[in-house]
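Scroll down for the structure; my scribbles are underneath it.
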Amino acid sequence: MPPLNLFVINHKPYIFTFLLISTLVTLSTLGLIKVGTVRIEEDQTITVTGSSEKQKKNERATYSAGITVTNSDKATAVSEANEKSARITQAVKQFGISEEEIKTSTINVMQDQESYYDNGILRYRPGNWRVNINIEIVLKDIKRINELTNLLTSLESTDLYGPNLSLDSSNEDEAVLLASALENAKEKAQAVVESSGRKLGKLIRVVESVGQNIYPITYSAKAGGMGGGGAEIEPGTTTLSKMVTATFRLE
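Okay, so the sequence shown: first residue is -16 according to my numbering, each after it adds one.
Structural data, given as structure tokens:
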């Protein structure tokens, strides 16, 4: 059996290694270091969300006037549809809508397929030609919404959809809402931090949440269903909303 003093001397490296590993494990558990990056006093932060919204009066109205013509002759169907489209466009221009706010969105020309039975067997054959034209109209003078709606319902469009009410996009509005949402996040973080006896440090990261933007109130009417008194439409408002996620440093 070796002497006791020799045993202690030979095992000093093992004791030192054991103590070092134990110390590292303890510090890691307490959050004072990070294994891997080995950083003393881990940075402490708080992440919160903030939101802001406001109501704003709608500023524009969009309409879609649809024209449908059917005829056994393709050229005749196309000609009649174009004539109706031109009359609607002319009436809208005379009302005061500029050319930039009038757009032919779609033109479809197709031939219907008629079904019939031949000795008890269902068959198909070419039928009438069908032409569809859709015209989009934008009204920016929202005060005249009732006038334009009554005009469009009196014209010979097959279908009328609208007015769909909305806002003109505004970068200024978005900037104000984002600033307000960030301030809301800061207030939340401040309340949480003060309750824990800490101090709120500087902002280190902010991200705008996707999908928190504009919620329009829409109105839809179909030609021929307005009654004898004409349309009475209130433009209403739209809710603008922004949300952010902000991270602050703790002191």
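No residue lacks a Cβ here, since even glycine has one placed at the ideal position from N, Cα and C.
Taking buried to mean at least 16 other C-beta atoms within 10 Å of its own C-beta, is residue i buried or exposed?
i: residue 93; result: exposed
i: residue 104; result: exposed
i: residue 136; result: buried
i: residue 205; result: No answer about residue 205 holds up, because its pLDDT of 40 lies below 50 and its placement is not dependable.
i: residue 174; result: exposed
i: residue 67; result: buried
i: residue 91; result: exposed
i: residue 58; result: exposed
i: residue 79; result: exposed
i: residue 33; result: buried
Quick one: what does DSSP say residue i is sitting in, helix, strand or coil?
i: residue 181; result: coil
i: residue 191; result: strand
i: residue 65; result: helix
i: residue 123; result: coil
i: residue 166; result: helix
i: residue 150; result: coil
i: residue 135; result: helix
i: residue 216; result: coil
i: residue 102; result: coil
Please tell me whether residue i and residue j are closer than 9 Å, where the distance is taken between their beta carbons.
i: residue 164; j: residue 35; result: yes
i: residue 89; j: residue 65; result: no
i: residue 176; j: residue 229; result: no
i: residue 127; j: residue 187; result: no
i: residue 87; j: residue 119; result: yes
i: residue 227; j: residue 161; result: yes
So the candidates are the options; which of them puts its Cα closest to the Cα of residue i?
i: residue 142; options: 67, 51, 109 and 131; result: 51
i: residue 145; options: 74, 171, 129 and 223; result: 129
i: residue 38; options: 226, 227, 220 and 225; result: 220
i: residue 49; options: 80, 113, 99 and 31; result: 113
i: residue 217; options: 44, 97, 28 and 84; result: 44
i: residue 83; options: 234, 150 and 123; result: 123
i: residue 108; options: 183, 55, 227 and 28; result: 55
i: residue 77; options: 134, 32 and 40; result: 134
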